[in-house]
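J.: Residue numbers (our numbering), protein chains in the order written: chain A, 557 to 667; chain B, 12 to 125. Just so it is clear, CB atoms sit at the ideal spot from N, CA and C, and this is done for glycine as well.
1. Can you confirm whether residue 588(A), when its beta carbon is compared against all beta carbons of chain B, has any partner nearer than 7 Å?
2. At least one CB of chain A closer than 7 Å to the CB of residue 118(B): is that the case?
3. Closest Cβ-Cβ distance between residue 559(A) and chain B: below 7 Å?
4. Pull up the distance between the alpha-carbon of residue 601(A) and that of residue 22(B), whole angstroms please.
5. Report the three-state DSSP secondary structure of residue 74(B) (helix, strand or coil).
6. To the nearest angstrom, how far is it from the Cα of residue 632(A) to the Cα of residue 574(A)?
7. Would you kindly work out how many angstroms separate the C-alpha atoms of residue 648(A) and residue 572(A), rounded to a whole number?
8. I need the DSSP call for residue 98(B), collapsed to helix, strand or coil.
9. Can you tell me which of the three DSSP states residue 614(A) falls into?
10. Mind checking residue 36(B): buried by the 16 CB within 10 Å criterion, or exposed?
11. Taking a Cβ distance cut-off of 9 Å, strictly less, list which residues of the segment 645 to 661 of chain A are near chain B, in chain order.
12. With DSSP as the reference, label residue 573(A) as helix, strand or coil.
13. Pull up the DSSP beta-bridge partners for residue 35(B), would you.
14. Along chain A, in chain order, which residues have C-beta atoms closer than 9 Å to that of residue 108(B)?
15. Pick from 558(A), 576(A), 560(A) and 653(A): whose alpha carbon is nearest that of residue 665(A)?
16. Is the separation between the beta-carbon of residue 28(B) and that of residue 108(B) shorter than 7 Å?
17. How big is the Cα-Cα spacing for residue 667(A) and residue 638(A)?
18. Opposite residue 662(A) in the DSSP bridges: which residues?
19. If we call anything under 7 Å between Cβ atoms a contact, is residue 658(A) one with residue 562(A)?
20. Under a CB-based cut-off of 7 Å, is residue 112(B) close to chain A?
21. Rounded to whole angstroms, what is the Cα-Cα separation between residue 63(B) and residue 615(A)?
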C-alpha cells in the first residue's frame, strides 16, 4: 500500500529562520511527488512536482528535493505569509492518477 | 496556472436533505476529476475518481448511493450528498487533471448538516 508520512506535524519558526520539512514515502513505482500549500478553509495550492531522485525545484523561498525514499521542502528565510499547512502527495505509476496524501506539516512563521 | 472553481464554499442543510456541490475547470479541459473529504487536522481522503462521460470509481468504504458523482462534461463535475446526516459534515474538495500528472484543486466546500 502506498504511504506518505510527513514530519514534523507542526513547526514554528521565527521570521528569517530557515528550516526543512520532510516527506517520507513508500510507493509501488513513483510517477510523481507533489507539494501543495493549504491555507485554513481553502483548497490546496499546487507548488511543485518532482519525478526522479536527484531532482530539485525552486520557487521564491521554497526549494523541493527528492530522493528514492523522501522529499524535503526547504524554506529559506521564511516570512509570516509563508505560514500554512504544506502537504506532500505521491502518485504511483501504472495508469491511475490517484494521489496519496500525507497529513501535512503546519508551519507558523512568527514576525 | 490552471483554475478550478468549486461552489458553494459553504453550505448548511437540514438532516435528510440533499446537497449538490459543483466543480468547474475554468481554463482547461478536465479529463479526470477527483473528490476528497478532509477532516480537521487530517489528510485529504480520496472519495472517488470520475472521468468525463463514464461512471465514477469510488474508493473502498465510500457509499456510491450516498455520494452521487456526475462528470457530464470536460469542465464540470458535481457531487451530490444525498439524505445528509450530521456525520456527513466535513470539508469537501475537488481537483481536476487535464491529462498531465498535476492536479489542481478547488477552494473547497464546508458542509454542515444540522
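T.: Reading from the atomic positions:
1. By this cut-off, residue 588(A) is an interface position.
2. Yes, contact with chain A.
3. With respect to chain B, the C-beta atom of residue 559(A) has no partner C-beta closer than 7 Å.
4. Rounded to the nearest angstrom, the two C-alpha atoms are 22 Å apart.
5. Looking at residue 74(B) - three-state DSSP - the assignment turns out to be coil, as it is neither helix nor strand.
6. Straight-line Cα distance between these residues: approximately 5 Å.
7. Whole-angstrom Cα-Cα distance: 36 Å.
8. Three-state DSSP puts residue 98(B) in a helix.
9. In the three-state reduction of the DSSP assignment, residue 614(A) falls in the strand class, which pools E and B.
10. Counting Cβ neighbours within 10 Å, residue 36(B) comes out buried, since at least 16 surround it.
11. The segment 645 to 661 of chain A vs chain B, Cβ under 9 Å: 645, 647, 652, 653, 654, 655, 656, 657, 658, 659 and 660.
12. In the displayed model, residue 573(A) falls within coil according to three-state DSSP, outside both helix and strand.
13. Residue pairing by DSSP places residue 35(B) opposite 16(B) and 87(B) in a beta bridge.
14. Simply 653.
15. The closest CA to that of residue 665(A), considering only 558(A), 576(A), 560(A) and 653(A), is found on 576(A).
16. Against a cut-off of 7 Å, the Cβ pair of residue 108(B) and residue 28(B) comes out as no contact.
17. If I take the Cα positions, the gap works out to 11 Å.
18. Bridge partners of residue 662(A): 566(A) and 641(A).
19. Cβ atoms of residue 658(A) and residue 562(A): closer than 7 Å.
20. Yes - at least one Cβ of chain A is within 7 Å of the one on residue 112(B).
21. Taking the straight line joining both Cα atoms gives about 33 Å.
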